[in-house]
Structure formats: C-alpha cells, structure tokens
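In my numbering, the protein residues as written are 17 to 200. Just so you know, even glycine gets a beta-carbon here, dropped at the ideal spot from N, CA and C. First up is the structure itself, then whatever we jot down about it.
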Ligand SMILES: [Zn+2]
Ligand SMILES: [Zn+2]
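Structure, rendered in structure tokens:
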C-alpha cells in the first residue's frame, strides 16, 4: 500500500467531539503510518445515507459514497467519523465498517461513548474504545480479517461488552500478518 497522506473525514453536523479522542485516533493511525501527514476533511453526509425510520446512518452507503467523493477518492487511507449511530445490512448497529480494496473505513462513536443502556461512560473508557476500534478498522484496511482470539483487537465485536473485553493490541498471529505491510 503506497500512501502519501491519511484523510480523517468528519461528517458535517454529526461529527464526534474530537477534543476528547483526536489523540487516540492519531495514535492508532501512527501505529501503521508513523510519518504521513493527516488531513482533516469535512464532508457532508451523502444523500440517502440517513435512514429516518431508524434514526441511523447506513454504513454501506457512507463507505461507497466516500469511494466516489471528490474530497477523498484518491486517498488510499481514509478514516471517517460520525457521532450518529450506524447500521450495516441486517445488523442493528455497527461500530465501524472498512473496505480494504478502497482503503476506506467509517466509524461511529455513538455506542463507544455509552454503556449498553446507552448512558454515557467515562472519558477514559470512551477513549480506549475509540483507540481499539480505530486499530481494528485500520487493521482491516491492512487486509487483516477477524481474529478468533477474543482478546485480540481484530476479534469481531457485536456488543460493547465485547469491545471492552479486547485488548488494545494485535495478537501475535495478527501482528505477524501485519508486519510485512508495515515495513513496506
Ligand atoms: Zn471488523
Ligand atoms: Zn489476532
């Protein structure tokens, strides 16, 4: 993967409060690309991505719109963020979605900042979850699949409890798969 820069996309009007988590997102990006510039880009929510009956964004729609968006289409590493809740196909909600071939990932902080009853959690818990989910989605962009090791950051999380159960790092096996790409 040859990269010149990283695009950090904020969906206008529904962007997360970056003051709390910017450094955690940057730390996750820096794990993969220590030196590339990170450009912050504001993008309007694509028409049709918001589904009013569910009050959620369609992750699939967001990611395919990013692929053709003038602002980021040529960027091989694009991480987009929203505070709104997001769903994907038949799943009621997702924390994130990545498309490795396009180099694009979208993430929702909605459930990362809340407990299972949707009450707010502490800033420390929120920040750790954001870091883990960024590592996870960028891991997908580096062609990693889901890992069976529940402690590995690449394990699939269908609930916030599972996100909390993972460690903020790759297991040895995932780390080995990543290593050649990181050295490139
Ligand atoms: Zn995943
Ligand atoms: Zn793993």
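With DSSP collapsed to three states, give me the class of residue 55.
The residue labelled residue 55 in the question sits at position 39 within the chain shown. Residue 55: strand per DSSP, three-state reduction.
Bridge partners for residue 97 per DSSP, in chain order?
As a first step, residue 97 is located in the chain shown; it is residue number 81 there, counting from the start. Per DSSP, 26, 123.
Report all residues for which the CB-ligand distance to some heavy atom of ligand 2 is below 5 Å; order them along the chain.
163, 165, 168, 170, 187, 190
Counting only runs of 4+ residues fully inside the stretch 62-98, write out the alpha helix (DSSP H) ranges in chain order.
75-84
Is residue 156 a contact residue of ligand 1, with contact defined as CB to any heavy atom under 7 Å?
Indexing the chain shown from 1 puts residue 156 at position 140. Flag set: Cβ of residue 156 near ligand 1.
Residue 2 lies in the beta strand (DSSP E); which residues open and close that run?
For the chain, the structure presents residues 17 to 200; residue 2 sits outside this window and is missing.
Could you check the C-alpha separation between residue 62 and residue 84 for me, to the nearest Å?
Residue numbering aside, residue 62 sits at position 46 when the chain shown is read from its first letter. Residue numbering aside, residue 84 sits at position 68 when the chain shown is read from its first letter. Their backbone Cα atoms lie some 11 Å apart in a straight line.
Are residue 96 and residue 122 touching if we call contact CB-CB under 8 Å?
Position 80 of the chain shown, counted from the start, is the residue given in the question as residue 96. Position 106 of the chain shown, counted from the start, is the residue given in the question as residue 122. In this structure, residue 122 lies closer than 8 Å to residue 96 by Cβ.
Simplified DSSP assignment, three categories, for residue 185
Counting from one through the chain shown, the residue named residue 185 turns up at place 169. Coil.
Best match in 131, 175, 184, 139 for proximity to residue 152 [C-alpha to C-alpha]
Indexing the chain shown from 1 puts residue 152 at position 136. Cα-wise, what sits closest to residue 152 is 184.
Collapsed DSSP secondary structure at residue 151 in the structure displayed:
In the chain shown, residue 151 corresponds to position 135, counting from 1. Looking at residue 151 - three-state DSSP - the assignment turns out to be helix.
Closer than 7 Å: is that where the CB of residue 172 sits relative to any heavy atom of ligand 1?
Working through the chain shown from its first residue, we reach residue 172 at position 156. Yes, since a heavy atom of ligand 1 falls inside the 7 Å radius drawn around the Cβ of residue 172.
Compute the distance between the beta-carbons of residue 30 and residue 82, then report whether it is under 8 Å.
Taking the first residue of the chain shown as position 1, residue 30 is located at position 14. Taking the first residue of the chain shown as position 1, residue 82 is located at position 66. No.
Closest by CA to residue 266, which one among 98, 106, 118?
Past the edges of the chain, shown from 17 to 200, lies residue 266, and the structure says nothing about it.
Kindly give me the distance between the Cβ atoms of residue 79 and residue 115, rounded to whole angstroms, as I take these residues to be in contact under 8 Å.
Indexing the chain shown from 1 puts residue 79 at position 63. Indexing the chain shown from 1 puts residue 115 at position 99. So it is a contact: roughly 5 Å between Cβ atoms.
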